[in-house]
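Quick note: the sequence shown uses our numbering, first residue 737, plus one each step.
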Amino acid sequence: MKLRAFAALALCAALLVGCGRAAAPSSEAAGSSASSPDVSSSAPAATPAPTAEPETKTDWLLEPRTDLEITCSLAEYPTADNGVLKDQAYLSLFEQNGKTGAINFDGKIVIPAEEDVHWCSVCGLTNADESKIFNDLGENVGPGGHGLPDMEIVYDSTLGMAYVLEMEELVPLTNYGASVRPYVARVGTLQAAPADDYGAFLWNNPATGQTEGRTVEWGEGYVLVQPSTGKQVGPVCEAIDRYSDGLYAVQQNGLWGYLDIDGTQVIPCQYQQARPFCSNLAAVQNTDGLWGYISLAGTVKVPFQYLGAASVTGGRAWVKTSEGWGVVAIQT
């Protein structure tokens, strides 16, 4: 009897020790804290890029998939001139096996990647050889091929004037009439061309009124130029993205921020990547390699938690986690 009682007591002691160990919290769990969904978008300290996103639960509207890579939302682009994309903003481009297709928020592949489409400001979505134009249902509505591409503009800081490279001429930007917002121009210098340089542009010298030959020597960077004056507004930038919601995404010193139409820096260049604003929110990537969403004031509205993020339309957006690309609700 004494032996059995001693064994029972020993067993109880062992169980108590084991339970005590299981209940002790790990140092990792004790050090974790919740992130606020509305914090200041100050520049984060540089740390090594994470191998995965923070452990946060994602409430998916559309379950993630790993067979494709979302590249951008068509909400980032102005409406195509031909008007065949009625619900353009609800489509996103994706890459699959090295080619590009289009998908909607329901997860339906509207245009298969085999068509290898690209964006055109005139045609909208057209295939690689521009033999097809697609509407937002994925239907081929006719051949592509639209003639003139978007205007290419050079800004010569010595002359203090922007010129459009139009066929064989350098035409002052002011000839194109006033616009409510600046255009993006590449920095360059107009150089006198030899008389036998038949590839030179024709340029009207404002000092003499004579037509002369000029070549363009491209410089480093891009600027915003005012169409009514042809003058530069704001700083020289390494890159300038599309205008949207009153702002331009710009790159300086390798990082991205935003300028307004006056060339004023309204959100500092502090992000690894930055998409155009859509629905008053922009997807940006911090220096830790994670994506979140900021407001027009630069406030973080959705914490940096995703491995990838596309622009918001109608309160929805494609985002990427370790599970793949899926659709989530984003409050605008």
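Heads up, the beta-carbon is just placed ideally off N, CA and C, and yes, glycines get one too.
Since this is a predicted model, take the numbers as computed values, not measurements.
Cβ neighbour criterion (16 or more within 10 Å) applied to residue i
i        : result
Ser-964  : exposed
Pro-918  : buried
Glu-888  : exposed
Thr-862  : buried
Arg-978  : exposed
Pro-761  : Summary for Pro-761: the model assigns pLDDT 31, below 50, so the residue's position carries little reliability; its value from the coordinates is reported in the next sentence. That one is exposed.
Asp-932  : exposed
Ser-1015 : buried
Gly-990  : exposed
Ile-1066 : buried
Ala-898  : buried
Val-1064 : buried
Pro-814  : exposed
Rounded separation between residue i and residue j - CA only
i        : j        : result
Gly-1060 : Glu-902  : 44 Å
Asn-833  : Arg-950  : 44 Å
Tyr-994  : Asn-911  : 28 Å
Ala-975  : Glu-799  : 35 Å
Tyr-826  : Pro-879  : 23 Å
Cys-808  : Ala-936  : 38 Å
Pro-1092 : Lys-835  : Since the first residue shown for the chain is 737 and the last is 1068, residue 1092 is missing from the structure and cannot be characterised.
Leu-895  : Asp-998  : 21 Å
Thr-792  : Ala-1046 : 19 Å
Leu-821  : Gln-946  : 46 Å
Gly-1034 : Gly-1028 : 12 Å
Asn-1069 : Asn-871  : Residue 1069 cannot be examined here, being either before or after the span of the chain that is shown, 737 to 1068.
Ala-765  : Arg-922  : Bear in mind that the predicted position of Ala-765 carries a pLDDT of just 30, short of 50, making it unreliable; the figure below should be weighed with that in mind. Rounded to the nearest angstrom, the two C-alpha atoms are 51 Å apart.
Thr-1049 : Ala-849  : 22 Å
Ser-857  : Glu-866  : 13 Å
Ala-1053 : Trp-939  : 47 Å
Asp-981  : Gln-987  : 18 Å
Ser-777  : Ala-1019 : No answer about Ser-777 holds up, because its pLDDT of 31 lies below 50 and its placement is not dependable.
Gly-1051 : Glu-831  : 23 Å
Ser-828  : Leu-810  : 5 Å
Asp-892  : Lys-1037 : 40 Å
Ala-1010 : Trp-992  : 6 Å
Glu-812  : Ile-1030 : 15 Å
Ala-758  : Ser-1058 : Its pLDDT being 33, under 50, Ala-758 is placed unreliably by the model, and the measurement read from it follows with that caveat. Taking the straight line from one Cα to the other gives about 29 Å.
Ala-782  : Gly-1025 : Summary for Ala-782: the model assigns pLDDT 38, below 50, so the residue's position carries little reliability; its value from the coordinates is reported in the next sentence. Cα to Cα, Ala-782 sits roughly 10 Å from Gly-1025.
Val-907  : Gln-1021 : 39 Å
Cys-1005 : Trp-855  : 27 Å
Gly-1044 : Lys-1056 : 5 Å
Gln-927  : Tyr-934  : 14 Å
Asn-941  : Ala-929  : 13 Å
Glu-904  : Gly-1062 : 48 Å
Val-961  : Ile-806  : 32 Å
Ile-869  : Gly-957  : 33 Å
Pro-1012 : Asp-996  : 12 Å
Val-853  : Ala-943  : 47 Å
Ala-838  : Ile-847  : 5 Å
Leu-1032 : Tyr-984  : 11 Å
Start-to-end residues for the beta strand (DSSP E) that takes in residue i
i        : result
Cys-859  : Unbroken run through Cys-859: none, as it is neither H nor E.
Thr-807  : 805-809
Leu-983  : 983-988
Tyr-994  : 991-996
Val-837  : Reading off the sequence shown, one finds Gly at residue 837, where the question assumed Val. Run containing Gly-837: 835-840, per the beta strand (DSSP E) assignment.
Asp-886  : Run containing Asp-886: none; DSSP gives neither H nor E here.
Asp-823  : Element bounds for Asp-823: n/a, residue is neither H nor E.
Leu-909  : Taken as a continuous stretch (DSSP letters only), Leu-909 belongs to no beta strand (DSSP E), as it is neither H nor E.
Thr-1035 : 1035-1042
Asn-876  : 876-878
Pro-848  : Where Pro-848 is concerned, there is no enclosing beta strand (DSSP E), given that its DSSP letter is neither H nor E.
Val-916  : Looking at the DSSP string, Val-916 is not in any beta strand (DSSP E), and its letter there is neither H nor E.
Ser-1031 : 1027-1031
Beta-bridge partners of residue i, as assigned by DSSP
i        : result
Cys-709  : The first residue shown for the chain is 737 and the last is 1068, placing residue 709 beyond what the model contains.
Met-897  : Asp-892
Ile-1066 : None; Ile-1066 has no bridge partner.
Thr-1049 : Arg-1052
Arg-801  : Trp-1061
Ser-980  : Leu-983
Ala-975  : Gln-987
Tyr-813  : According to DSSP, Tyr-813 bridges with nothing at all.
Gln-1001 : Leu-995
Gln-1006 : Looking at the DSSP assignment, Gln-1006 forms no beta bridge with any residue, so it has no partner.
Glu-866  : None; Glu-866 has no bridge partner.
Leu-829  : Cys-808, Ala-838
* To do: Would you list, in sequence order, the uninterrupted beta strand (DSSP E) runs of no fewer than 3 residues that lie entirely inside the segment 918-971?
  => The DSSP assignment places 919-928, 937-940, 947-962 as complete runs of the beta strand (DSSP E) inside the segment 918-971, in order along the chain (cut-off: 3 residues).
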